[in-house]
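In my numbering, the protein residues as written are 248 to 778.
Built from N, CA and C at the ideal position, the CB exists for glycine as well.
Computed from a prediction, not measured in an experiment: that's the story for all the values here.
Since the structure comes first, as structure tokens, the remarks are kept for the end.
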Amino acid sequence: MMGRSMDPDTLLRLLEINKRLAGETDLPRLLEVIMDSVIELTGAQRGFLILVEDGKVRFQTARNFGRTQVEQPELQVSQTVVRTVIQSGRPLLTDNAAQDPRFEEAASVTALRLTSILSVPLRVQERLLGALYVDNAARRAVFGEKEKETLQVFADQAAITIRALWRQRQVEEMNRALEANLERKSQELERVSRALDQTPYRHDYSEIVGRGRHMKEVLLLLDKVIDTDVPVLVQGESGTGKELIARAIHYNGPRRSGAFVPVNCGAIPASLLESEFFGHMKGSFTGAVENKKGLFQQAEGGTIFLDEIGEMDLEMQKKLLRVLQEKEVRPVGGKAAVRVNARLICATNKNLRREMEAKRFRDDLYYRVSVIPVEVPPLRDRTEDIPDLIAHFARRAAKEMSMPEKRIAPEAVELLRRWSWPGNIRELENEIRKAMALSDAEITADDLSLEIQGDRAAREPVIGAAVPGSPAPDGTLKETVERAERAAIERALEESGGNQTKAARRLGISRVWLRKKMERHGLLPASGEAP
248 MMGRSMDPDT LLRLLEINKR LAGETDLPRL LEVIMDSVIE LTGAQRGFLI
298 LVEDGKVRFQ TARNFGRTQV EQPELQVSQT VVRTVIQSGR PLLTDNAAQD
348 PRFEEAASVT ALRLTSILSV PLRVQERLLG ALYVDNAARR AVFGEKEKET
398 LQVFADQAAI TIRALWRQRQ VEEMNRALEA NLERKSQELE RVSRALDQTP
448 YRHDYSEIVG RGRHMKEVLL LLDKVIDTDV PVLVQGESGT GKELIARAIH
498 YNGPRRSGAF VPVNCGAIPA SLLESEFFGH MKGSFTGAVE NKKGLFQQAE
548 GGTIFLDEIG EMDLEMQKKL LRVLQEKEVR PVGGKAAVRV NARLICATNK
598 NLRREMEAKR FRDDLYYRVS VIPVEVPPLR DRTEDIPDLI AHFARRAAKE
648 MSMPEKRIAP EAVELLRRWS WPGNIRELEN EIRKAMALSD AEITADDLSL
698 EIQGDRAARE PVIGAAVPGS PAPDGTLKET VERAERAAIE RALEESGGNQ
748 TKAARRLGIS RVWLRKKMER HGLLPASGEA P
């Protein structure tokens, strides 16, 4: 339709106008440019741009031939025309509104002495955004089919631009709201953090490394429960340091002079649990050559720590519950009960509520052992503590290995901070011990495990790797890999002037690991030493 009836000059004008619209990034200014362009295209005296927002008709822009604003635009148009176009979604044209039977009852047409009127919908596909409205009160038949078609084509393009900026404005408003909300949350967290930082501990937690917000909350909770004698349930993933928490409770509490007896419930065979927990009498079973105190008796006056209590079978749970209720144990083979007095601390990496719902953990025992639940956060939630933990484990490893302490490169620290630590603190400690053993004077990113190096390791080029599209090498895959590895090492050594440390860095491995590979490939000098 447009190709058959629109002349080249009009097409060129539309293209030029579209370029102007595409360059506008401010919605109010865009609407003014649209209306000035509409008046220019149609020869109208006035133009109005109406948008429908939240079901309400809003006059956004009203311009006249002199490119100035029209005041109170909603009172300067035929509301009947606007309503008809918006409701029908079709253009409306009249060359003499005063004599048009469609507007016999339109008071605004008579009051405003309207003559030529043209209005077209603003739409993107099936969605109606509003309407464009132009008029000329001085002359009849100013607008015809040509102007109607031109204005509709222009309106379709303008609607796309309006919607794009509209959406951009909505996104910006949402972003501002989110940023404001985030700022409020950040201020609240900062306030809480400052309050936590200013709150002194009542007890000594020097064995627990890390004073980030999550651990601060845990330690402040310990301050409240240490001086009581109620059972505590320490919950957290494997490797988070649950036993450290239990020890802190014991050694800071009133029972510190008594024994701290840790028990891994999952490591004791079910058949021996009763004997281990409650003791046995001489001759009570094969191998019972003497009387033996159980763990509860060994913890007399102190604390018994039942780690992984969720691994205990239901029968043993029943017997443990009886001990907690009656505060006495009966050794295997014994006739008399023995009174016991020990604080109970339990730990688990399971969700005991779910275990209880699944009938794998007794509900009455659960409520006995979980009077005070303490949740130990996983290491991935304690990134602010990781630098302190790294330094702590490095010092410990240096002492255990009788070696000097090593500096840890900032890049290595950052990679360790980013890692998710599925094995938690235990995994971090093992990583630092390994890096201390394999590194030179400084622990660098190259000394870390490849999975921790992540994308950094993946981006390193493999020297000697096959070129895509080259012929397949002879031999088995293992032989091919061995040849490529040897060639890569030889080339790295050559380019590093024989310096093994530099060659190792080029290859993305530690110097110790490089020497092992050199030895396997027969590349070490006869003396076994190299720079």
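| Asked | Found |
| --- | --- |
| With 16 other Cβ atoms within 10 Å as the buried cut-off, status of residue 316 | exposed |
| Beta strand (DSSP E) segments (min. 3 residues) lying fully within the stretch 308–365 | 339–341 |
| Within 8 Å, strictly: CB atoms of residue 363 and residue 337 | no |
| Under the three-state DSSP convention, the category residue 594 falls into | strand |
| Distance between residue 481 and residue 717 (C-alpha atoms, nearest Å) | Confidence is the limiting factor: at residue 717 the pLDDT is only 48, short of 50, which leaves the residue's position unreliable and the question unanswerable from this model. |
| Minimum C-alpha distance to residue 357 - residue among 370, 384, 335, 334 | 384 |
| Where the beta strand (DSSP E) through residue 283 begins and ends | Counting along the chain, residue 283 falls outside any beta strand (DSSP E), though it belongs to the alpha helix (DSSP H) covering 274–289. |
| Segment limits, beta strand (DSSP E) that includes residue 578 | Element bounds for residue 578: n/a, residue is neither H nor E. |
| For residue 527: DSSP bridge partner residues | 539, 579 |
| Reference residue 519, options 495, 579, 497, 333, closest by Cα | 579 |
| Unbroken beta strand (DSSP E) run spanning residue 482, endpoints | 479–482 |
| C-beta contact flag for residue 621 and residue 492 at 8 Å | yes |
| Any 3 or more C-beta pairs closer than 8 Å across the stretch 747–765 and the stretch 676–688 | yes |
| Meets three-Cβ-pair contact criterion under 8 Å: the stretch 550–569 and the stretch 507–523 | yes |
| Endpoints, alpha helix (DSSP H) assigned at residue 265 | 255–269 |
| Residue from 768, 732, 769 with nearest C-alpha to residue 754 | 732 |
| Where residue 598 falls, given that 16 or more other Cβ within 10 Å makes a residue buried | exposed |
| First through last residue of the alpha helix (DSSP H) which encompasses residue 550 | No alpha helix (DSSP H) holds residue 550; the beta strand (DSSP E) holding it covers 550–554. |
| Buried versus exposed, by CB contacts within 10 Å (16 or more), residue 652 | exposed |
| Backbone CA spacing between residue 484 and residue 369 [nearest angstrom] | 58 Å |
| Cβ distance (whole Å) where residue 359 is taken to contact residue 285 below 8 Å | Wrong, their Cβ atoms sit about 19 Å apart, outside the cutoff. |
| Cβ shell of residue 600 (< 8 Å), same chain only, five flanking positions each side left out | 613 |
| Delimiting residues of the alpha helix (DSSP H) encompassing residue 448 | Run containing residue 448: none; DSSP gives neither H nor E here. |
| Endpoints, the alpha helix (DSSP H) within which residue 605 is located | Segment: none, residue 605 is in no alpha helix (DSSP H) and carries neither H nor E. |
| CB-CB length for residue 554 against residue 606, believed under 8 Å | The Cβ separation is near 23 Å, so there is no contact. |
| Burial state of residue 752 (16 or more Cβ within 10 Å) | buried |
| Inter-stretch contact at 8 Å, needing at least 3 Cβ pairs: the stretch 413–422 / the stretch 464–473 | no |
| Segment contact flag, the stretch 624–631 with the stretch 453–466, C-beta cutoff 8 Å, min 3 pairs | yes |
| Span of the alpha helix (DSSP H) around residue 470 | 460–472 |
| C-alpha distance - residue 453 paired with residue 495, whole-angstrom precision | 9 Å |
| Separation of residue 694 from residue 198, as counted between CA atoms | Residue 198 lies beyond the residue range present for the chain, which begins at 248 and ends at 778; the question has no answer from this structure. |
| Own chain, CB closer than 7 Å to residue 511, minus 5 neighbours either side, in chain order | 554, 555 |
| Beta-carbon gap between residue 332 and residue 340 smaller than 8 Å | no |
| Validate contact between the stretch 571–589 and the stretch 532–544 using beta carbons, cut 8 Å, 3 pairs | yes |
| Separation of residue 418 from residue 289, as counted between CA atoms | 34 Å |
| Per-residue DSSP class, three states only, for residue 653 | coil |
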